[in-house]
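**Q** Have a look at the structure that comes next, please.
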Amino acid sequence: MQSYHNGSRNTPQELLLENEQLKAKLLEATTIIDALRKENAALTKRLNSFLNTQVIQGDSTFVTNSGDLAAQCDNCGQEIPRQNIQIHTAQCIRRIKRCQACNKAINISEIDAHMKEQIGEFKDIIADIESNNIESLSQREAHGAKFDIKDDNQNSLLHVASRCGNREIAHFLISRGAGVNSQNIFGETPLHLVCGKNKDIGMVQFLLTQGADSGIVNTIGESPQSIAQRSGFHEASICFSQHTHAPIRPRTSAGGIRAKTHSSSRRGSGPSNNPPFNL
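Everything in the sequence shown is counted per UniProt numbering, starting at 1 for the first residue and increasing by one.
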């Protein structure tokens, strides 16, 4: 590039100065371009966040005429103007996933939190059992909940259901592998709790049909049968006497032993310094 000054060719010094000026302008332009790129990236991030929120909340991602025919997004189920359905679906699939357990549209980044929330904590499962909410338990199971959990005293969920007299939930838990003769640290089976707490003959009969053994003793030597006799639960005493038991292996946890006979009791025994704890 030739440069002229007052009709004559510039001197080398003038050309060097002009070159330095051009370099400075180029550097300034490069700085502006970099700033614009950063601003564009920030705007893109904000737009993606906005689009994602709109999809989750069920709002239309695109502004269109109100008279447009709507089509349903197969991914999130949202009604979208038909002319925008393809681009909406492309955005939706990138951000939204349906939970296989409850079919709810969930932000992909929040799937793990959703599953954890639906499974709940130990106290939530206990609350479901106590309120006889089998539907909630089923939903928790669908999201990955396990029901082989126990409290600090080794009471199983079946202990809780038996104490509450909730036969439907007790059947639900047994069908998921809950041990009908499971013992807590005091040697109590679910049948112990029924005979000592709520005296529900229906629950007694149900547990017996599921294989409960009325002869297993707790840590102070009492069986469900002897507890029923001591507490005046006569219906259970009659039920036990009529029920034919198959041989049960001696217990191997909580330090208890099995009663010698199904009719044996601890009448006459003094109170223990460490009585069994019932949920």
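The C-beta atom is built at its ideal place from N, Cα and C for all residues, glycine as well.
Confirm, please, whether the CB-CB distance from Glu79 to Ala90 is below 9 Å.
**A** As a first step, residue 90 must be located in the sequence shown, where it is residue number 90. As a first step, residue 79 must be located in the sequence shown, where it is residue number 79. With contacts defined as CB atoms closer than 9 Å, Ala90 and Glu79 fail to qualify as a contacting pair.
**Q** Run the CB neighbour count on His192, radius 10 Å, all protein chains shown included, and call it buried at 16 or more, exposed below.
**A** Here residue 192 is taken as the residue at index 192 of the sequence shown, counted from 1. Residue burial is scored here from C-beta neighbours: His192 has at least 16 other C-beta atoms within 10 angstroms and is therefore classed as buried.
**Q** Can you list, in chain order, the residues of its chain with a C-beta nearer than 7 Å to that of Ala161? Leave out the 5 residues immediately preceding and following it.
**A** As a first step, residue 161 is located in the sequence shown; it is residue number 161 there, counting from the start. Counting only Cβ-Cβ distances below 7 Å, and skipping sequence neighbours, we find Ile129, Ile169, Ala170 and Leu173.
**Q** Based on Cα-Cα distance, which residue from Glu222, Gly221 and Val204 lies nearest to Ala236?
**A** Here residue 236 refers to the residue found at position 236 when the sequence shown is read from its first residue. Ranking Glu222, Gly221 and Val204 by Cα distance to Ala236 puts Val204 first.
**Q** May I have a chain-ordered list of the beta strand (DSSP E) segments no shorter than 3 residues that lie completely inside the UniProt repeat "ANK" (186–219)?
**A** none
**Q** Please classify Lys97: does DSSP put it in a helix, a strand, or coil?
**A** On the sequence shown, residue 97 is found 97 positions in, with the first residue counted as 1. In the structure shown, Lys97 sits in a strand (DSSP, three-state: E or B).
**Q** Here's a check: name, in chain order, each residue in its chain whose Cβ is nearer than 7 Å to the Cβ of Met115, leaving out the five neighbours to either side.
**A** In the sequence shown, residue 115 corresponds to position 115, counting from 1. Excluding residues up to 5 positions away in sequence, His143 and Gly144 lie with their Cβ nearer than 7 Å to the Cβ of Met115 in the same chain.
**Q** Closest to Asn107 by CA distance: which of Cys76, Phe186, Glu135 and Gly165 is it?
**A** For the purposes of this step, residue 107 is taken as the residue at position 107 of the sequence shown. Checking every option, the nearest Cα to that of Asn107 belongs to Cys76.
**Q** Could you give the distance in angstroms between the alpha-carbon of Asn181 and the alpha-carbon of Leu207?
**A** Here residue 181 refers to the residue found at position 181 of the sequence shown. Here residue 207 refers to the residue found at position 207 of the sequence shown. Cα to Cα, Asn181 sits roughly 9 Å from Leu207.
**Q** Counting C-beta neighbours from all protein chains within 10 Å, is the total for Ser226 16 or more, i.e. buried, or is it exposed?
**A** For this step, residue 226 is matched to residue 226 along the sequence shown. Per the 10 Å Cβ criterion, buried.
**Q** Any idea if Arg163 is buried or exposed, counting beta-carbon neighbours within 10 angstroms, 16 or more meaning buried?
**A** Counting from 1 along the sequence shown, the entry for residue 163 is found at position 163. By the neighbour-count rule (16 or more Cβ atoms within 10 Å), Arg163 is buried.
**Q** What does the Cβ neighbour count give for Ser175, buried or exposed, with the cut at 16 atoms within 10 Å?
**A** Walking along the sequence shown from the start, residue 175 turns up at place 175. Sixteen is the threshold: since fewer than 16 other Cβ atoms of the shown chains lie within 10 Å of the Cβ of Ser175, the residue is exposed.
**Q** Closest to Lys197 by C-alpha separation, out of Ser156, Pro224, Leu22 and Asp148, would be which residue?
**A** Taking the sequence shown and counting its residues from 1, the one referred to as residue 197 is at position 197. It is Pro224 whose Cα lies nearest to the Cα of Lys197.
**Q** State the DSSP-derived secondary structure class of Ile169, mapped to helix, strand or coil.
**A** Residue 169 sits at position 169 when you count from the first residue of the sequence shown. It is helical.
**Q** Under the rule that 16 or more other beta-carbon atoms within 10 Å means buried, what is Gln229, buried or exposed?
**A** The sequence position of residue 229 within the sequence shown is 229, counting from 1. Buried: at least 16 other Cβ atoms inside 10 Å.
**Q** Could you pull out every residue in the same chain whose Cβ sits closer than 7 Å to the Cβ of Arg140, ignoring the five residues on either side in sequence?
**A** The count along the sequence shown starts at 1 and reaches residue 140 at position 140. Within the same chain, Arg140 has close Cβ partners Gln118, Ile119, Gly120 and Ile125.
**Q** Reducing DSSP to helix, strand and coil, say where Glu222 ends up.
**A** By one-based count along the sequence shown, residue 222 stands at place 222. Here Glu222 sits in coil by DSSP.
**Q** Please name the residue in Ile220, Gly221 and Asp200 whose C-alpha comes closest to that of Gly232.
**A** Residue numbering aside, residue 232 sits at position 232 when the sequence shown is read from its first letter. Checked all of Ile220, Gly221 and Asp200; the closest Cα to Gly232 is Asp200.
**Q** Please report the Cβ distance between Ala105 and Ile96, rounded to the nearest whole angstrom; I am assuming they are in contact, meaning their Cβ atoms lie under 8 Å.
**A** Counting from one through the sequence shown, the residue named residue 105 turns up at place 105. Counting from one through the sequence shown, the residue named residue 96 turns up at place 96. At roughly 5 Å, the Cβ-Cβ gap stays under 8 Å, so Ala105 and Ile96 are in contact.
**Q** According to DSSP, is Thr252 part of a helix, a strand, or is it coil?
**A** Position 252 of the sequence shown, counting from 1, holds the residue named residue 252. With a pLDDT of only 45 at Thr252, under the threshold of 50, the placement of this residue in the model should not be trusted; the figure read from the coordinates follows. Three-state result, Thr252: coil.
**Q** When you compare each of Lys123, Gly221 and Gly187 to Leu153 by their alpha carbons, which one comes out closest?
**A** Walking along the sequence shown from the start, residue 153 turns up at place 153. Per the sequence shown, the amino acid found at residue 153 is Asn instead of Leu. Comparing Cα positions, the closest option is Gly187.
**Q** Would Ser156 pass as a contact of Ala127 if the rule is Cβ separation under 9 Å?
**A** The residue given as residue 156 occupies position 156 in the sequence shown. The residue given as residue 127 occupies position 127 in the sequence shown. The answer is no: Cβ separation not under 9 Å.
**Q** Would DSSP call Gln2 helix, strand or coil?
**A** Residue mapping note: residue 2 aligns to position 2 of the sequence shown, counting from 1. Since pLDDT at Gln2 reaches only 49, below the 50 mark, its modelled position is unreliable, and no value is offered.
**Q** Would you call Asn184 buried or exposed, if buried means 16 or more other Cβ atoms sit within 10 Å of its Cβ?
**A** Taking the first residue of the sequence shown as 1, we reach residue 184 at position 184. Counting Cβ neighbours within 10 Å, Asn184 comes out buried, since at least 16 surround it.
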